[in-house]
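Below is one structure; the comments refer to it alone.
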Amino acid sequence: MPSMPLSQGIHQAWRKSYVMRKNMTARKAWNSALRVLAFVTARPGIGGVPLHIKVDISPNCQLRCPICLHSTLTHAERTALPPAMNLDTFKQLVDQVAGRTLVMSLYNLGEPLLNNALIPMIRHAAQAKVNTYITTNFSMRLTDAYLSDLAHSGLTLLIVAVDGITPATFGQQRIKGKLAVIEDNLRRLHALKHRDSPRVTLQYLVFDHNRHEVPEVESYCRRMGVDHALIVNGTDGTQKPWLQQFAPRRGWLPRKARRLPLCGWPYLSALVSPEGKVYGCCHYRMDENYLRVAESRPMGDIFTASFDEIYASEAFRTARKLVHDPARHGPQPDHFCHGCPVLQEDAP
Numbered sequence: 255m256p257s258m259p260l261s262q263g264i265h266q267a268w269r270k271s272y273v274m275r276k277n278m279t280a281r282k283a284w285n286s287a288l289r290v291l292a293f294v295t296a297r298p299g300i301g302g303v304p305l306h307i308k309v310d311i312s313p314n315c316q317l318r319c320p321i322c323l324h325s326t327l328t329h330a331e332r333t334a335l336p337p338a339m340n341l342d343t344f345k346q347l348v349d350q351v352a353g354r355t356l357v358m359s360l361y362n363l364g365e366p367l368l369n370n371a372l373i374p375m376i377r378h379a380a381q382a383k384v385n386t387y388i389t390t391n392f393s394m395r396l397t398d399a400y401l402s403d404l405a406h407s408g409l410t411l412l413i414v415a416v417d418g419i420t421p422a423t424f425g426q427q428r429i430k431g432k433l434a435v436i437e438d439n440l441r442r443l444h445a446l447k448h449r450d451s452p453r454v455t456l457q458y459l460v461f462d463h464n465r466h467e468v469p470e471v472e473s474y475c476r477r478m479g480v481d482h483a484l485i486v487n488g489t490d491g492t493q494k495p496w497l498q499q500f501a502p503r504r505g506w507l508p509r510k511a512r513r514l515p516l517c518g519w520p521y522l523s524a525l526v527s528p529e530g531k532v533y534g535c536c537h538y539r540m541d542e543n544y545l546r547v548a549e550s551r552p553m554g555d556i557f558t559a560s561f562d563e564i565y566a567s568e569a570f571r572t573a574r575k576l577v578h579d580p581a582r583h584g585p586q587p588d589h590f591c592h593g594c595p596v597l598q599e600d601a602p
């Protein structure tokens, strides 16, 4: 696929930044400035809370997409997944960062609509002026009442992931999904939308099998009542599973430092698990966080420390040092970031 023109890339980036820009206040702007300053100057001790927090409200999913961990789970592993986040845990998190964090994405590897508390969660965040968005497969039969609640919940952005706009292409990635159900949900949601309803984005991951459809995605969005498309190239045009893409690297062969840190997560974001544990990112150690929780490496817990304390902790300071210069500050074999492919290559 040809590279995206610069003007189109800037336009897409500006549209995506809507979830950050909405409900901006002086206090949010100040926290954002602190975090960006920390990142660009590689100063791990500058205070504040994340601009963006990914909240894993629902670990389970009804689809079996080949790229995702859910396609490999046995029945025993599926039943052993962590339970969905409850409303009290979510409120604890929101209340710790309200007024400073710009946005929360209420999903990780699972389907957020499977959490029965999703609508109250969104409403609580909206009351606290914390923007929210979800990425959903939208492949379940939703009532008009539920779609109306979603449209009036205060959600900032709804991203519907399809990766195919015909049954032949859709079915190659979204295993067990139903394109006709998604389209019906989209049309009915569009009819229920009002001025304060969430913007709706169609996410289309480009693989070799669906590349030919890309020129038709924008017109498809117009037919479905979708506001715009988010077209993202797959990592290498294949369906290489995330567990392989982000697998820990062996040995210790650190990547070279650059002018800016190699990763922005420990400066700008964080992942919160269903039970309130805080991790460094959503890409790495996903199998431990889901399947081997006893082996996971949390960097904090919102029930034993405030997010300010967690983000200023030695664990996060170490992460920031590692992403600035892995060779100088590593290895850190007991740390969450150790073995991350962003920071090191496989040693011979």
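Just so we're aligned, residue 255 is where the sequence shown starts under this note's numbering, counting upward by one. C-beta atoms are modelled at their ideal positions from N, C-alpha and C, and glycine is treated no differently.
| Who pairs with Ser550 in a beta bridge, going by DSSP? | Paired residue(s): none; Ser550 is not in a bridge.
| field | Supposed close pair Gly528, Pro337 - CB separation, criterion 8 Å | value | Going by the sequence as given, residue 528 is Pro instead of Gly. The C-beta separation of Pro528 from Pro337 comes to about 6 Å, placing the pair in contact by the 8 Å criterion.
| Other residues of its chain near Gly479: CB distance less than 7 Å, five sequence neighbours each side excluded | Leu440, Arg441, His444, listed in sequence order.
| field | Simplified DSSP state of His466, which is helix, strand or coil | value | If DSSP states are grouped into helix, strand and coil, His466 belongs with the helices.
| Does the beta carbon of Arg453 sit closer than 9 Å to a beta carbon anywhere in chain B? | The structure shown has no chain B; it contains just one protein chain.
| Taking the continuous alpha helix (DSSP H) assigned at Arg332, which residues delimit it? | Counting along the chain, the alpha helix (DSSP H) containing Arg332 begins and ends at 329-333.
| field | Reduced DSSP category for Pro580 - H, G, I as helix; E, B as strand; rest coil | value | In this structure, Pro580 counts as helix in the three-state DSSP scheme.
| Looking only at its own chain, which residues have a Cβ that is under 7 Å from the Cβ of Gly491, when we skip the five neighbours before and after it? | Residue confidence for Gly491 is low, a pLDDT of 47 falling below 50, so the modelled location carries little weight and cannot support an answer.
| task | Identify the continuous beta strand (DSSP E) that holds Ser230 and give its terminal residues. | result | Lying before the first or after the last residue shown, residue 230 is absent from the chain, which here runs from 255 to 602.
| said: Bridge partners for Gln457 per DSSP, in chain order? | reply: Paired residues: Ala415, Leu484.
| request: For Arg571, I'd like the list of residues in its chain whose CB is within less than 7 Å of its CB, leaving aside the five on either flank, ordered along the chain. | output: Here the set comprises Pro298, Gly299.
| query | I think Ser312 touches Leu368, with their Cβ atoms under 8 Å apart; what is that distance to the nearest whole Å? | reply | Rounded, the Cβ-Cβ distance is 5 Å, consistent with contact.
| Per-residue burial, Arg395 [other beta carbons within 10 Å of its own, 16 or more giving buried] | Per the 10 Å Cβ criterion, exposed.
| task | Mind listing, in chain order, the continuous alpha helix (DSSP H) runs of no fewer than 4 residues lying wholly within the segment 265-352? | result | DSSP runs (the alpha helix (DSSP H)) wholly in the segment 265-352: 272-275, 280-295, 329-333, 341-351.
| query | When you compare each of Arg289, Gly530, Val416 to Arg354 by their alpha carbons, which one comes out closest? | reply | Among Arg289, Gly530, Val416, the Cα nearest to that of Arg354 belongs to Arg289.
| message | Applying the 10 Å Cβ sphere with the 16-neighbour rule, what's the burial state of Ser523? | response | Buried.
| request: Can you grab the Cα-Cα spacing for the pair Asn464 / Ala483, in whole Å? | output: Whole-angstrom Cα-Cα distance: 15 Å.
| said: I'd like to know whether the C-beta atoms of Thr410 and Arg477 end up nearer to each other than 9 Å. | reply: Contact check for Thr410 against Arg477 fails: the beta carbons are separated by 9 Å or more.
| said: Are the CB atoms of Leu372 and His324 within a distance shorter than 9 Å? | reply: Cβ distance not < 9 Å, so His324 and Leu372 don't count as in contact.
| task | Would you check if the distance between the CB atom of Cys517 and the CB atom of Leu597 is smaller than 9 Å? | result | Closer than 9 Å, so yes.
| said: Given a cut-off of 9 Å on the beta-carbon distance, is the pair Leu515 and Arg574 in contact? | reply: With the sequence shown as reference, residue 515 is identified as Pro, and Leu is not the correct amino acid for it. A contact, by the Cβ cut-off of 9 Å.
| task | Indicate the three-state DSSP secondary structure (helix, strand or coil) for Gly491 in the structure shown. | result | At Gly491, the pLDDT of 47 sits below 50, so the modelled position is not reliable and the matter cannot be decided from this model.
| said: With H, G and I counted as helix, E and B as strand and the rest as coil, what does DSSP make of Thr390? | reply: The answer is strand: DSSP assigns Thr390 an E or B state.
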